[in-house]
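S.K.:
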Amino acid sequence: MTTTQLETATFAGGCFWCMVKPFDELPGIHGIVSGYTGGHKENPTYEEVKAQTTGHAEAVQIQYDPSLFPYEKLLELYWQQIDPTDDEGQFIDRGESYRAIIFYHTEEQRQAAEATKKELAESGKFKKPIITPIREASTFYPAEEYHQDFYKKNPEKYKQERVESGRDAFAKENWN
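In case it helps, the working numbering puts the sequence shown at residues 154 to 329.
1) Short check: CB of residue 294 to CB of residue 189, under 8 Å?
2) When DSSP labels each residue in this structure, what does residue 325 get in the three-state scheme?
3) Please state whether DSSP places residue 288 in a helix, a strand or coil.
4) Return the residue from the list 213, 289, 197 and 281 that minimises the CA-CA distance to residue 176.
5) Indicate whether residue 251 and residue 162 have their beta-carbon atoms separated by less than 8 Å.
6) Tell whether a beta-carbon distance below 8 Å holds between residue 238 and residue 270.
7) For residue 165, count the other beta carbons within 10 Å of its own beta carbon; 16 or more makes it buried, fewer makes it exposed. Which is it?
8) Bridge partners of residue 295, per DSSP?
9) Starting from residue 160, trace the beta strand (DSSP E) both ways and give me its first and last residue.
10) The beta strand (DSSP E) with residue 176 in it runs from where to where?
11) Taking C-beta to C-beta, are residue 324 and residue 169 nearer than 8 Å?
12) Per the DSSP calculation, residue 303 is bridged to which residue(s)?
13) Residues bridged to residue 256 by DSSP?
14) Could you give the distance in angstroms between the alpha-carbon of residue 261 and the alpha-carbon of residue 192?
15) Could you check what DSSP says for residue 317 in three-state terms: helix, strand or coil?
16) Which value, in whole angstroms, describes the spacing of the CA atoms of residue 235 and residue 285?
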């Protein structure tokens with residue numbers, strides 16, 4: 154019997170409440186944790202990150218089986234969740250904690266992220282430049298429990314956030 158080695162992907166895409174459901178329950182996804190990464194403060198709290206004083210971005214860390222759901226497919230889905238032309242936040246959420254960033258864990262992930270970013274830029278899908286940064290992963294701090302699986306615990310508030318933030322309208326306009 155062979156055991157599959159799980160890999161880790163980390164994506165920041167604005168409000169982490171909206172970044173779990175698109176990846177959750179797909180074949181090969183073994184877990185998604187909402188949290189904070191990319192900053193300088195150890196063990197930040199939600200209030201500290203939201204106050205824009207930690208350098209961290211809200212992010213999701215995904216454990217996945219690459220034989221069932223390759224990293225390139227995760228990237229394809231990630232690009233469809235964000236506005237890759239906005240470096241000041243995502244949709245209604247503004248500031249450094251809501252930036253879109255791809256955090257790579259391996260050189261292969263970095264290369265795949267760079268390749269998909271280049272493909273998206275060359276596709277002409279967006280009039281503005283594709284500016285989402287690709288950075289080496291650093292310490293990931295899980296968010297407080299009430300943020301985990303938010304869409305399951307608070308389905309109405311989750312739906313409201315997607316609509317009122319402009320995220321759903323953007324996705325429909327640019328990806329459907």
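By construction, the Cβ of each residue, glycine as well, lies at the ideal position given by its N, Cα and C atoms.
M.R.: Looking at the coordinates:
1) For the 8 Å CB-CB criterion, residue 294 and residue 189 form a contact.
2) Residue 325: helix per DSSP, three-state reduction.
3) In the displayed model, residue 288 falls within a strand according to three-state DSSP.
4) Ranking 213, 289, 197 and 281 by CA distance to the CA of residue 176 puts 213 first.
5) No, they are not a contact pair.
6) At the C-beta level, residue 238 and residue 270 stay beyond 8 Å of one another.
7) Buried.
8) As DSSP reads the structure, residue 295 sits in a beta bridge with 188.
9) Per DSSP, residue 160 belongs to the beta strand (DSSP E) from 160-166.
10) Where residue 176 is concerned, there is no enclosing beta strand (DSSP E), given that its DSSP letter is neither H nor E.
11) No, Cβ-Cβ distance for residue 324 and residue 169 is not below 8 Å.
12) Residue pairing by DSSP places residue 303 in no beta bridge whatsoever.
13) Checking the DSSP bridge columns, you'll see residue 256 partnered with 163 and 288.
14) Their Cα atoms are separated by approximately 23 Å.
15) Helix.
16) Each residue's Cα considered, the two are about 9 Å apart.
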